[in-house]
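Taken in sequence, the protein lines are chains A and B.
Position in the first sequence (first residue = 1) + 25 = the numbering used here.
Position in the second sequence (first residue = 1) + 216 = the numbering used here.
A short worksheet on the structure shown next.
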Amino acid sequence: MTELLITSILILVKLILVFAAVLGLAAYMVLAERKVLGRMQLRYGPNRVGPFGLMQPMADVIKLLTKEDLVPAKADRIMFLIAPGMASLIALLSFAVVPFSPPITLFGRTIPMVVCDLNIGLLYFLGLSSLAVYSIALGGWASNSKYALLGAIRGLAQLISYELSMGLAVVPVVLTAKSFSLTEIVVSQADWPNMLRHPLAFVIFMISVMAESKRTPFDLPEGENEIVAGYHTEYSGMRFGLFFVGEYINVIILGSMVTVLFLGGWHGPLLPPIVWFSLKVLAVAFCFIWTRGTLPRLRYDQLMHFGWKFLIPVALTNVLITGAVMLAVGP
Amino acid sequence: MIGSVVFYLLAAATLTATLLCITRTSPVHAVIYLVHAFFDLALIFYLFGAPLVAAWEMIIYAGAVMVLFLFIIMMLELATGGKPLTVDRRRWVPVLLLSLVTLACTVLLIIQDPSAVGSGPAYHVSPRDFGTVLFDRYALAVQVVSFQLLFAAVGAYYVGKGEPRKRGEQSS
Numbered sequence: 026m027t028e029l030l031i032t033s034i035l036i037l038v039k040l041i042l043v044f045a046a047v048l049g050l051a052a053y054m055v056l057a058e059r060k061v062l063g064r065m066q067l068r069y070g071p072n073r074v075g076p077f078g079l080m081q082p083m084a085d086v087i088k089l090l091t092k093e094d095l096v097p098a099k100a101d102r103i104m105f106l107i108a109p110g111m112a113s114l115i116a117l118l119s120f121a122v123v124p125f126s127p128p129i130t131l132f133g134r135t136i137p138m139v140v141c142d143l144n145i146g147l148l149y150f151l152g153l154s155s156l157a158v159y160s161i162a163l164g165g166w167a168s169n170s171k172y173a174l175l176g177a178i179r180g181l182a183q184l185i186s187y188e189l190s191m192g193l194a195v196v197p198v199v200l201t202a203k204s205f206s207l208t209e210i211v212v213s214q215a216d217w218p219n220m221l222r223h224p225l226a227f228v229i230f231m232i233s234v235m236a237e238s239k240r241t242p243f244d245l246p247e248g249e250n251e252i253v254a255g256y257h258t259e260y261s262g263m264r265f266g267l268f269f270v271g272e273y274i275n276v277i278i279l280g281s282m283v284t285v286l287f288l289g290g291w292h293g294p295l296l297p298p299i300v301w302f303s304l305k306v307l308a309v310a311f312c313f314i315w316t317r318g319t320l321p322r323l324r325y326d327q328l329m330h331f332g333w334k335f336l337i338p339v340a341l342t343n344v345l346i347t348g349a350v351m352l353a354v355g356p
Numbered sequence: 217m218i219g220s221v222v223f224y225l226l227a228a229a230t231l232t233a234t235l236l237c238i239t240r241t242s243p244v245h246a247v248i249y250l251v252h253a254f255f256d257l258a259l260i261f262y263l264f265g266a267p268l269v270a271a272w273e274m275i276i277y278a279g280a281v282m283v284l285f286l287f288i289i290m291m292l293e294l295a296t297g298g299k300p301l302t303v304d305r306r307r308w309v310p311v312l313l314l315s316l317v318t319l320a321c322t323v324l325l326i327i328q329d330p331s332a333v334g335s336g337p338a339y340h341v342s343p344r345d346f347g348t349v350l351f352d353r354y355a356l357a358v359q360v361v362s363f364q365l366l367f368a369a370v371g372a373y374y375v376g377k378g379e380p381r382k383r384g385e386q387s388s
């Protein structure tokens, strides 16, 4: 009984730590993005609130919370209210399987540094990322507005399409690690990160992940110059804020997945594992911001053609070749 | 003990969600209840010691098939319909027949092997064992099913192709 109690308390403590870290990081990701984008466009970015603008996230939250929470008259009320929460919640849930450091020993017991090391961890992540579509779809549909609906339809089509190439890109990684468990995938990269072993899969995964996060150049679901703001056109106040925070939590989780699957997770010389892990996640997040500051938005048919006619065939061929080579060379 | 309680809770939730799904007038609401039912089913599979099947249930059914349903409903704007449910008696005949057959099969299975109804999972199947059995012993069946999917894809492509486009026309 005490064993069960201790395990439960440990999981709870890990959960709280992870949630606090992720939410704090998400708040500062917003600031970092505005700062970096500002510098790229020869501006300063926010620098009025606190030293170097460091209190800006607090100011944003206060502003969003005190704004009026509007619900359109003909909206599907309950669905409209739930959808933004789903966006953040689903993104947060994915963190349950991300290992950020090797197990540590504390008071004579080994504590794995992951909330729950599922043996289907990778599939759990893929399942949740496919559920992320629902928040956009339902939010857009429940608003009962044509722009929101158009944004939702675009989002649905985009996410389904790029999920396929994302799923196919991780197959070589699973073949190497011979496991779906994210901890074992990281352990299998002790000598070589998968980025060097499967460079093509890495590139495909990075592109698909950017499309999954709905950020420029793949931000068609909220293309401002065509459909106002897409699926969150009708949202105001903190509900809009939840969609917004969901996007940044998503950037962090996708950054962690890139780190775990391709960059070798916590492995690295000199520095402690957790520092390596955070550095890699932040580097991937910086790449996301960098891409946003560099590339223009794709046209919708370009997006679909690129996904279906280029990325998926290449990913399939990559799986075939990797499998053949592994069969020939041996494990 | 905890397992049984969770199972009955999940089973009740699945049944309620399915019932709500077939009685909703708005197709989008129906889809959401169906997704809810799939969620519960995935959890039940997990409880029974089949995590891989649970994950597939989530990825394929909740994450892909139902998303496509939702996509089609939104594209066709069926959502604005909301026709009242017709209580035509003849409609219920096939439903009842199918339910009776399923129920009879379940009862027969339970009578044949009462030990299978015990509480708690008998096995915990790791993804590796599951995959080995699926792609080794049932390899032929898997191939046949995948070919069927290929036929369906080719058929859908043929039906959806329509008239050949003239040169210079904008692709849609």
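Glycine is no exception: its CB is placed at the ideal position from the N, C-alpha and C atoms.
With a contact defined as Cβ atoms closer than 8 Å, residue 180 of chain A and residue 210 of chain A miss out at about 29 Å. Residue 76 of chain A sits exposed, since fewer than 16 C-beta atoms from the chains shown fall within 10 Å of its C-beta.
Taking the C-beta atoms as reference points, residue 47 of chain A is found no nearer than 8 Å to residue 232 of chain A. Taking 8 Å as the Cβ-Cβ cut-off, the stretch 271 to 288 of chain B approaches chain A at 271, 272, 274, 275, 278, 279, 280, 283, 284, 286, 287, given in chain order.
For residue 289 of chain B, the CB contacts under 7 Å within the same chain, skipping 5 residues up- and downstream, are 243, 244, 247, 295 in chain order. Excluding its 5 nearest sequence neighbours in each direction, residue 229 of chain B has C-beta neighbours in its own chain below 6 Å: 256, listed in chain order. For residue 333 of chain A, no Cβ of chain B is located within less than 8 Å of the residue's own Cβ. Between residue 43 of chain A and residue 120 of chain A, the gap from beta carbon to beta carbon is short of 8 Å. If you check the CB distance, residue 343 of chain A and residue 343 of chain B do not come in under 8 Å.
By the C-beta density criterion, residue 364 of chain B is exposed, having fewer than 16 other C-beta atoms within 10 angstroms.
Between residue 322 of chain A and residue 207 of chain A, the gap from beta carbon to beta carbon reaches 8 Å or more. The C-beta of residue 144 of chain A comes closer than 8 Å to at least one C-beta of chain B. In the DSSP assignment, residue 263 of chain A is bridged to no other residue. Per DSSP, the beta-bridge partners of residue 130 of chain A are A/135.
Around the C-beta of residue 224 of chain A, fewer than 16 other C-beta atoms lie within 10 Å, and the residue is accordingly described as exposed.
Taking the beta carbon of residue 248 of chain A as reference, no residue of chain B falls within 8 Å; the closest one sits roughly 17 Å away. Listed in chain order, the alpha helix (DSSP H) elements of length 4 or more contained wholly in the stretch 75 to 127 of chain A are 81 to 91, 102 to 118. By the criterion of a C-beta distance shorter than 7 Å, residue 252 of chain B is surrounded in its chain by 233, once the five residues flanking it on both sides are discounted. About 6 Å separates the CB atoms of residue 127 of chain A and residue 291 of chain A; that is less than 8 Å, so the two are in contact. Take residue 287 of chain A, set aside five residues on each side of it, and the residues of its chain with a beta-carbon closer than 6 Å to its own are 219, 220, 227, in chain order. The beta carbon of residue 342 of chain B falls within 8 Å of a beta carbon belonging to chain A, placing the residue at that interface.
When only Cα atoms are considered, residue 93 of chain A and residue 262 of chain A end up about 6 Å apart. The beta-carbon of residue 366 of chain B is placed no less than 8 Å from the nearest beta-carbon of chain A. Less than 8 Å divides the Cβ of residue 35 of chain A from the Cβ of residue 136 of chain A. Counting C-beta pairs with one atom in each stretch, the stretch 242 to 256 of chain A and the stretch 168 to 183 of chain A have three or more that are closer than 8 Å, which means they touch. Between the C-alpha atoms of residue 114 of chain A and residue 151 of chain A there is a straight-line separation of about 15 Å. For the stretch 199 to 212 of chain A, residues whose beta-carbon sits nearer than 7 Å to a beta-carbon of chain B comprise 205. Here residue 242 of chain B carries a coil assignment [DSSP, helix/strand/coil].
Under the three-state reduction of DSSP output, residue 322 of chain B falls in the helix class. Restricted to the stretch 171 to 243 of chain A, not a single beta strand (DSSP E) segment is unbroken, complete and at least 3 residues in length. Ranking A/125, A/272, A/64, A/28 by CA distance to the CA of residue 318 of chain A puts A/64 first. In this structure, the CA atom of residue 205 of chain A is about 11 Å from the CA atom of residue 122 of chain A. Counting along the chain, residue 39 of chain A sits inside the alpha helix (DSSP H) bounded by residues 27 to 65.
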